[in-house]
Amino acid sequence: MGAAVAEWTVAAVLLQVAGLSLFLYGFFPVKPTLPGFSGAESYRAPSCGPVGCGEGPALPPDQLRSLYRELSEVPHVYDRLVLMVIDGLPAEFVLGRGGKPPAREMMESMPYTQSLLAGCRAVGYHAKAAPPTVTMPRLKAMVSGAIGGFLDVALNFNTQAFLDDNILDQLHTIGYKLVMLGDETWIKLFPTLFYRQDGVSSFYVKDTVEVDFNVSRHLESELAAKDWDALILHYLGLDHVGHIGGRQSNLMTPKLKEMDDVIRRIHAAVTSIQDNSHRTLLVVVSDHGMTEVGNHGGSSYEETDSLALFIGHSVESSHCSPYDQKEALQVDLAPTLALLFGIPIPKNNIGVLLPELFNSLADDQKLRTLELNSWQILRLLQKQRPAFCSEDCVDSKDDFGADMLPESTEKKLCRLLSKAFASHRSSLLHRDSNFRSVEAAGLFGAAVDSYSGFLRHASEWLSHRATDKPLYLLASAISLMIISCFSLAGIISCIFKGPPQIKVEHHSELDLDKNWHLDEVFILMGIFLYVASLGSSSFVEEEQYIWHFLTSTLYLIFLIKTVQSILKESNSTLVHRSETKTFHKNNSSYLASYKLIPGQQDGCKLYTVLIVLVAGRILRAWYQGGINWVHFPDISKILNQSDSSIVKSLQTISVLAVVVLYSVSLMLLRTRRILIIGLWLSHLSCGLLVMLHIWKSQVDTSVPINNHSTTSIAQIFYVIASISVTCTFLLSPWIFPTHSKEAEPTSSSGSNPEKAHGLNHSVFLTGVTYTMFWCLLQLLLQQPINAVPVLLILLQIISSVIYFSLEKSLHRQWVQVVAMQFLGMTGHFGLGNTNSLASIDVAGAFIGISSYSTVLSGVLMFIITYGSPLLLYLGMVVHMSVKDSNDISTPQQWSSVLSRMIALPCLLPLLVNSIALTSYTIVLLLMRNHLFVWSVFSPKYLYVCAATVCTYAGVLVIAMTGAYTCAVLSFRTRNYRDKSVDQIDG
Amino acid sequence: MGAEVTQVSAFTAVLAHALCLAGLAAAHSLAGRGALLSDPAHALRLLVVCEAPLVIVVFSLLRRDPKRCSFLKAAARGLLGLPIGAFLNAFGAIVLGAPVGIKYWIATTYWSCLMSLFTFVPAACVFGASKVDWQNVLSHSIYGTSSNVADYMISAPSHGAVIGAWLGAWPMPLDWERPWQSGDTNALVCLMLSRVLNAAVGTSLYYHPHFSMHSIFN
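Going line by line, the protein sequences match chains A and B.
According to our numbering, the first sequence is numbered sequentially starting from 12.
According to our numbering, the second sequence is numbered sequentially starting from 145.
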């Protein structure tokens, strides 16, 4: 039975892991990207061999600028750039839709812009934005030309700065001075880039006037100033108007008029100083569109329909049709601007240059720009598919005849590219022979066509690879997880229905019948409510409230049940007195082994529940806000502002309390073995080390560099703690007697309690040692402010364990296990964790690490973040030991003892976690087009995945401890019996 | 319960609750529309002051053992039960997340007094210190098993009030910026609702109109 359960459990877990990894792979595709920044090598044809050290010596900006311009063989078209971003402006407002001009009131609200368009002095595109249509990823796409995945964000969570190749950094390297006014997202992305900056926050969505005034008030002086080369303006007001009232808001027309006025002012200013060294390009773009009601984030036409409007000398022409539906991609902005300003195209760009911007160039220069763009894209293709590396891709024979055959995308792209290169070469030959004719024009046209064909197809192919979610893969991943979840539930129900030696509930004299109880119903309902709340972004942001509410309600129910049982007991004292007495006498578990008279025991039960409740309330007050309500006043903020000596004394008190609690629990064992004394001493020394570390780090805050001593203190702590815990794990089953001397070895009934005694003793020792050392580790690693919460969580665990050991019969075992797990999750948020990646304590991950190591600091970060749930899993080991295990029917069956002890503590956390994981995965899949999928739901998914890892780790510890202890004890019992049998025989 | 215990008829029970409800409605109308949201402390004070004598008198008249226990004694039990019940309710509310602080304690006090009037005081008046009856009140197993109207009369509304208050304490992190969202007023709305529903129907099933799981995105 036990072995089968274990096998099934492992199978279910493996299934879950498989499903989870499939989902992660499908939902967060990690596409290979090229590292580093483009340099001079981007002006040479790509080769697939080992990339030589392209990084030459870093040139000063001026030399780099002239080098680029010389290598590119194309004169730069503009000298200055004004990039005006109007947040949330749909292209439809300016360019109309489907070849028709925009509605009359829209035309009238932007008179100047419309006059530019009608006068063929501007060219506008419907620049399709890729989902998620929210500002930060879209800005990244515009400047880098790449469509990033979510994991790109998650993997550099400690900085928001944009580290990939992009045109702003490229402009900066060739000595451009950049000025940024508007949305502070730009400053977050490029914290050190701007020469001058004034960021505004987009936090107050209600404000539609001040945000834009704060940008426009600088316009006068900036437009007069000549010291900048690129000016970025980001207007948020229009997006706010949309959020308040939708597209048809009556604030929209005035806002459009205001934007039009800004365009007029800028255009007037830049045309007034137009000379050969100040040719200015004005680009008006929007980062995304908006739906009818003004939301954005998804992938509908209204949301992705963003604007790219170019105003400059190179787009002017004599005749044009401004309201034709000219489609482009938002990422096309990057290569276009790069080529116009004579800088290398960013490495991971998948955009295609917009040919109308290059009208002022000669034919061969146009071809050269197309060639540069194609080389860059080819490099990216080669990185993703080695097939593009082979020589016959680029230099294939002219087999233009085989056009019609269906072929793979790679082959098609290869063919288009080789055709383009070939016609480019022949076009160049014709130019060299100075033979201008119809034939040359034809060759030029063919080259342009094949280049554009290649670029368009390659860009499409690359962008699909970045955004497409393989639904069948995700669906199969989810079905794997669902199967795993159901099989875990099936295993548990098997255990409940299984043979009675697993589901022994001996003292069911009170009310453990087949009925459902309030606490059980509440747990099921609570899990359901929790799962339902995951579907709302606001609830995900403030998840700590749900957990606190569920946990405190559960413990209030425990309180009510306890009061009820006390009332009942005192009502029927006469009937039950004798029974309770024997019950208490038989009780061999530790905490109950203290001789408590029933009155004291009742008081004890009440106090333990009250301690859990009060501690939980303080924990909640410690950190009030999650993501949205982070500004709420709470204890941690008060302490942060107060004197550091208060925090230090709180830390000291917590360390002392943990040391004292460990000593008390060791005294409960009532043995003076050398191991126990040694453990006590090592725990004491660890406590002292933590105190020393606290003291040192407080002193060292003034001199942050000199932290060798604190590092070595932490390292000594790690060594001592790990040795102590390992020794306890290995040795504790060996030191307690399996049999008392007086017991008859042959009489099984006599030896039963003793065996349970030895088992309970050793598991208790191991569990307490785990818990207390873990607490010290947390006190070492956590922020100073978190010392008291760690202590409170420890108190909650101890109280719960005492309560459950006193009230064995009132709650079923599975209720106890789930209650402990709830405590762990509440404590997780009580330690200041939220569902945003920003709340991960990165600073603590370097304590005791002398050299940078991603793995070690990752492990430490995990330990810090999941300190509380792991603490509860370790506390579960203690809880297993204080369970009543008198009722072993046959002494030989160690396996049944084992499965009874660890089955539920292992399976229930797995099941609860599996329910949360599976349902949240489904939620994430349903929300994949939601506005907050990248900002709220995906970070939460990472937390859910990490919680799964944490559950596996905790369950592994529980199972290992139980299995090892039982194995050793069974070995010792067998030995003892053999020996005694030998003695009798002899 | 012996033969000397007076059985309360269903009609009397309904009448008692109707009286209490009328008092509640009167106090509510006295406080003015929306006062519970705009000035909770004042409105709650008014409710407590109006409701307290009414509840104590009505339920003292319905005391379980009128022969051995005078009306005054029952009323005194009710008066004693008011602060005790208020303390217990305040504890529950704070544990579930009610704000603690100087500027909140007046509202919390009145709120818990009112809750005590709904839950603890009637039972104190009717049952006194009888452990069996208290145990019955605490237990949910009386439904369908007990034939005593008094048990239902006390248990069902107080369970309803507790569940209503509990639902009201459900965290509401939605960013809708509506006035009813601020924690304790929300609890009050639910409390009123539960009171009305339970006194009338005697059941503890409700529907909380603001309790919808979807969020509105800003």
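From the three backbone atoms N, C-alpha and C, an ideal C-beta is built for every residue, glycine too.
Does any CB atom of chain A fall closer than 8 Å to the CB of residue i?
{"i": "B:K217", "result": "no"}
{"i": "B:A237", "result": "no"}
{"i": "B:L282", "result": "yes"}
{"i": "B:A313", "result": "yes"}
{"i": "B:K211", "result": "no"}
Looking only at DSSP bridge pairs, what is residue i linked to?
{"i": "A:R91", "result": "A:T291"}
{"i": "A:M191", "result": "A:Q208 and A:I243"}
{"i": "A:K111", "result": "A:R108"}
{"i": "A:V296", "result": "A:V96 and A:A319"}
{"i": "A:L340", "result": "A:K139"}
{"i": "A:P101", "result": "A:S317"}
Can you find a CB in chain B that lies within less than 8 Å of the CB of residue i?
{"i": "A:T564", "result": "yes"}
{"i": "A:L45", "result": "no"}
{"i": "A:V574", "result": "yes"}
{"i": "A:K579", "result": "yes"}
{"i": "A:R258", "result": "no"}
{"i": "A:R628", "result": "yes"}
{"i": "A:F465", "result": "no"}
{"i": "A:F560", "result": "yes"}
{"i": "A:R939", "result": "no"}
{"i": "A:R476", "result": "no"}
{"i": "A:R149", "result": "no"}
{"i": "A:I571", "result": "yes"}
{"i": "A:L182", "result": "no"}
{"i": "A:L624", "result": "yes"}
{"i": "A:A14", "result": "no"}
Do the CB positions of residue i and residue j come within less than 8 Å of each other?
{"i": "A:I155", "j": "A:P357", "result": "Reading off the sequence shown, one finds Ser at residue 155 of chain A, where the question assumed Ile. The answer is yes: Cβ separation under 8 Å."}
{"i": "A:F321", "j": "A:L364", "result": "no"}
{"i": "A:S138", "j": "A:A152", "result": "It should be pointed out that residue 138 of chain A corresponds to Ala in this sequence rather than to Ser. Taking 8 Å as the Cβ cut-off, A:A138 and A:A152 do not qualify as a contacting pair."}
{"i": "A:I568", "j": "A:L529", "result": "yes"}
{"i": "A:H642", "j": "B:G241", "result": "no"}
{"i": "A:C496", "j": "A:S925", "result": "yes"}
{"i": "B:V281", "j": "B:S302", "result": "yes"}
{"i": "A:E554", "j": "A:N639", "result": "no"}
{"i": "A:T780", "j": "A:T739", "result": "yes"}
{"i": "A:S434", "j": "A:L466", "result": "no"}
{"i": "A:Q662", "j": "A:I724", "result": "no"}
{"i": "A:M891", "j": "A:P916", "result": "yes"}
{"i": "A:V841", "j": "A:Y634", "result": "First, the residue type needs correcting, since residue 841 of chain A is Gly and not Val in the sequence shown. Taking 8 Å as the Cβ cut-off, A:G841 and A:Y634 qualify as a contacting pair."}
{"i": "A:G689", "j": "A:V670", "result": "no"}
{"i": "B:L168", "j": "B:L191", "result": "yes"}
{"i": "A:L935", "j": "A:F943", "result": "no"}
{"i": "A:L78", "j": "A:A51", "result": "yes"}
{"i": "A:L378", "j": "A:S438", "result": "yes"}
{"i": "A:L630", "j": "A:T837", "result": "yes"}
key: Sequence ranges, beta strand (DSSP E) only - wholly within the stretch 124-183 of chain A, length at least 3   = Runs found: 133-139.
message = By the 8 Å beta-carbon criterion, what residues does the stretch 239-256 of chain B contribute toward chain A?
response = The residues in question are V239, L240, G241 and V244.
message = List, from N- to C-terminal side, the alpha helix (DSSP H) runs of 4 residues or more that fit wholly inside the stretch 366-402 of chain A.
response = Within the stretch 366-402 of chain A, the complete alpha helix (DSSP H) segments of 4 residues or longer fall at 374-395, listed in chain order.
Members of the stretch 543-557 of chain A near chain B, C-beta cut-off 7 Å = Under the 7 Å Cβ criterion, the stretch 543-557 of chain A contributes A543, S544, G546, S547, S548, S549, F550, E552, E553, Y556 and I557.
key: Length at least 4, wholly inside the stretch 782-826 of chain A: the alpha helix (DSSP H) runs in chain order   = Entirely contained in the stretch 782-826 of chain A, the alpha helix (DSSP H) runs reaching 4 residues are, in chain order, 798-817.
message = Extract the residue ranges of the beta strand (DSSP E) inside the stretch 926-990 of chain A, only unbroken runs of 3 or more that lie entirely within it.
response = Those beta strand (DSSP E) runs which fall completely within the stretch 926-990 of chain A and span 3+ residues do not exist here.
request  = With 7 Å as the C-beta to C-beta threshold (strictly closer), list the residues of the stretch 818-833 of chain A near chain B in chain order.
outcome  = Within the stretch 818-833 of chain A, no residue has a Cβ that lies closer than 7 Å to any Cβ of chain B.
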